[in-house]
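In this note's numbering, the protein residues as written are 349 to 486.
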């Protein structure tokens with residue numbers, strides 16, 4: 349089981365909710381902004397969740413490529429070798445994030461029994477690589 353940080357644009361919340369639920373059904377502990385506590389300093393909670401994450405899944409879309417928050421969260425994952433990029437709608441990631449293969453989940457049909465197989469494989473692979481890589485580079 350991986351601790352997964354899920355980064356997305358608010359406009360994509362419905363689709364990302366499906367992805368989060370699928371990752372949880374696959375046995376992962378998924379953190380996304382729906383876990384923010386009311387009245388809390390959210391940037392500190394986000395920073396802590398990113399630091400604790402084994403994997404950072406970023407959901408690129410027309411909306412998220414324009415989000416400074418999503419770009420910052422994705423950069424934190426990339427810089428720690430923990431980034432798993434997915435595209436919700438076929439959008440190309442912004443500059444600085446195109447060196448990693450992006451999994452296109454635009455046509456993925458939600459299946460109650462599993463997560464998108466390519467995403468699940470990438471999450472597991474990223475987690476295993478970081479477990480054997482030694483200390484965090486960040």
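Yeah, the Cβ is synthetic: ideal placement off N, Cα and C, and Gly gets one too.
As the structure is a prediction and not an experimental result, all values here were calculated from the model.
Buried versus exposed, by CB contacts within 10 Å (16 or more), residue i
| i | result |
| --- | --- |
| residue 418 | buried |
| residue 390 | exposed |
Nearest-angstrom Cα separation, counted from residue j out to residue i
| i | j | result |
| --- | --- | --- |
| residue 364 | residue 356 | 7 Å |
| residue 445 | residue 405 | 12 Å |
| residue 430 | residue 368 | 17 Å |
| residue 489 | residue 370 | Not covered by the structure: residue 489. The range shown for the chain is 349 to 486. |
| residue 415 | residue 422 | 11 Å |
| residue 475 | residue 469 | 10 Å |
Residue closest to residue i, alpha-carbon to alpha-carbon, out of the options
| i | options | result |
| --- | --- | --- |
| residue 455 | 436, 412 and 421 | 436 |
| residue 477 | 379, 422, 450 and 428 | 428 |
Assumed close pair residue i, residue j - CB separation to whole angstroms, cut-off 8 Å
| i | j | result |
| --- | --- | --- |
| residue 360 | residue 401 | About 19 Å; that fails the 8 Å criterion. |
| residue 349 | residue 376 | 6 Å |
| residue 441 | residue 413 | 7 Å |
| residue 434 | residue 467 | 6 Å |
Assigned secondary structure, residue i (DSSP; H/G/I helix, E/B strand, else coil)
| i | result |
| --- | --- |
| residue 365 | helix |
| residue 460 | The pLDDT assigned to residue 460 is 49, lower than 50, so where the model puts this residue is not dependable; a value taken from the coordinates is nonetheless given after this. Residue 460: coil per DSSP, three-state reduction. |
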